[in-house]
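**Student:** Residue numbering for the sequence shown follows the numbering used here, beginning at 245 and increasing consecutively.
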Amino acid sequence: MSSECDSRESRDYRRALDFEVSVTHLQERSERRAWHVALGSVVVAILCAVALAVMVPFYRVVPLPIEVDRLTGEAQVIDVLDAKQMHMRDIEDKHWVEVYVRSRERYDWGLLQMDYDRVLDMSDDRVARGYRAIYSGPDALDRQLGANTQRHIRILSTTLVPDEPGRAVVHIERTTWKNGIDNAEPPQRFVITLAFIYRPSIFTRERTAIENPFGFRVTAYSRDPEYTPTAASAPASSPLPGGAR
245 MSSECDSRES
255 RDYRRALDFE
265 VSVTHLQERS
275 ERRAWHVALG
285 SVVVAILCAV
295 ALAVMVPFYR
305 VVPLPIEVDR
315 LTGEAQVIDV
325 LDAKQMHMRD
335 IEDKHWVEVY
345 VRSRERYDWG
355 LLQMDYDRVL
365 DMSDDRVARG
375 YRAIYSGPDA
385 LDRQLGANTQ
395 RHIRILSTTL
405 VPDEPGRAVV
415 HIERTTWKNG
425 IDNAEPPQRF
435 VITLAFIYRP
445 SIFTRERTAI
455 ENPFGFRVTA
465 YSRDPEYTPT
475 AASAPASSPL
485 PGGAR
């Protein structure tokens, strides 16, 4: 009887021991699996961080501004300036071209003398003679428009002619104010074609050197009305002296 009890207790002990070993084994295996999952998560997180760091320099928001033509209602996407694709010399050329066109085409009694002097300083002799003729004689532009008229200029686009250095085409819109009234005349659009060079002067006045340090000079200048439905129905105006319209 005593031996049977001992044998039963021994079997129970072995079963209990086997159960503890199984539980311990399962626990260790579960812990190993958990560590593998945690390690895999850490690796994935590191790879995501590296991928994000690599992609950030290539990420950029590209706006798509849309301009609607007030005359025709035509919508067009405006090109966004990309410094990586534009040469600094092209930017300088467009800057001086727009400065010249704006100074020549606008009319503001308070700024007239300043614009007049700037245009002459930035023109060669032949272009300067044509510009002086616009403000000379009994039909001078300042006598026709007087002090109560303003012409505002909006530059629509400036394009440097490909493969032709020193050539540019500018599209502008001109609105006229009379006695403080906006759009006293229908807005007009023009296409301006000009040629230019850089001819810095060694000896020049300080004011001229400050306003035009690189010696920008316009050697040819032409302005033509741009075709629009409004302009097509309006009668053609007579040209002014010097080639201006």
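The C-beta atom is built at its ideal place from N, Cα and C for all residues, glycine as well.
Output the boundary residues of the alpha helix (DSSP H) element that contains W421.
**Tutor:** Here W421 belongs to no alpha helix (DSSP H); instead the beta strand (DSSP E) covers 411–422.
**Student:** Along the alpha helix (DSSP H) that carries S347, what are the first and last residues, could you check?
**Tutor:** 332–349
**Student:** How about R346 and I397: do their beta carbons lie closer than 9 Å?
**Tutor:** yes
**Student:** So the beta strand (DSSP E) Y465 belongs to, where does it begin and stop?
**Tutor:** 460–469
**Student:** Hey, could you find the ends of the alpha helix (DSSP H) R387 is sitting in?
**Tutor:** 385–389
**Student:** If you measure between the beta carbons of I436 and V414, is that distance less than 9 Å?
**Tutor:** At a Cβ-Cβ threshold of 9 Å, I436 and V414 count as neighbours.
**Student:** Whose C-alpha, out of T463, R273, Q271, E349, is nearest the C-alpha of P409?
**Tutor:** T463
**Student:** With R395 as the anchor, note down where its alpha helix (DSSP H) starts and where it stops.
**Tutor:** No alpha helix (DSSP H) holds R395; the beta strand (DSSP E) holding it covers 393–404.
**Student:** Taking 9 Å as the threshold (C-beta atoms), are R449 and M366 in contact?
**Tutor:** no
**Student:** Classify E336 as buried or exposed, calling it buried when 16 or more other Cβ atoms lie within 10 Å of its own Cβ.
**Tutor:** exposed
**Student:** Suppose the cutoff is 8 Å on Cβ atoms and the five residues either side in sequence are ignored; what does the same chain contact list for E342 look like?
**Tutor:** I399, T402, V414
**Student:** Report, in whole angstroms, the separation of the C-beta atoms of T393 and Y351, which I expect to be a contact under 8 Å.
**Tutor:** Y351 and T393 do touch by the CB rule: their CB atoms are close to 7 Å apart, below 8 Å.
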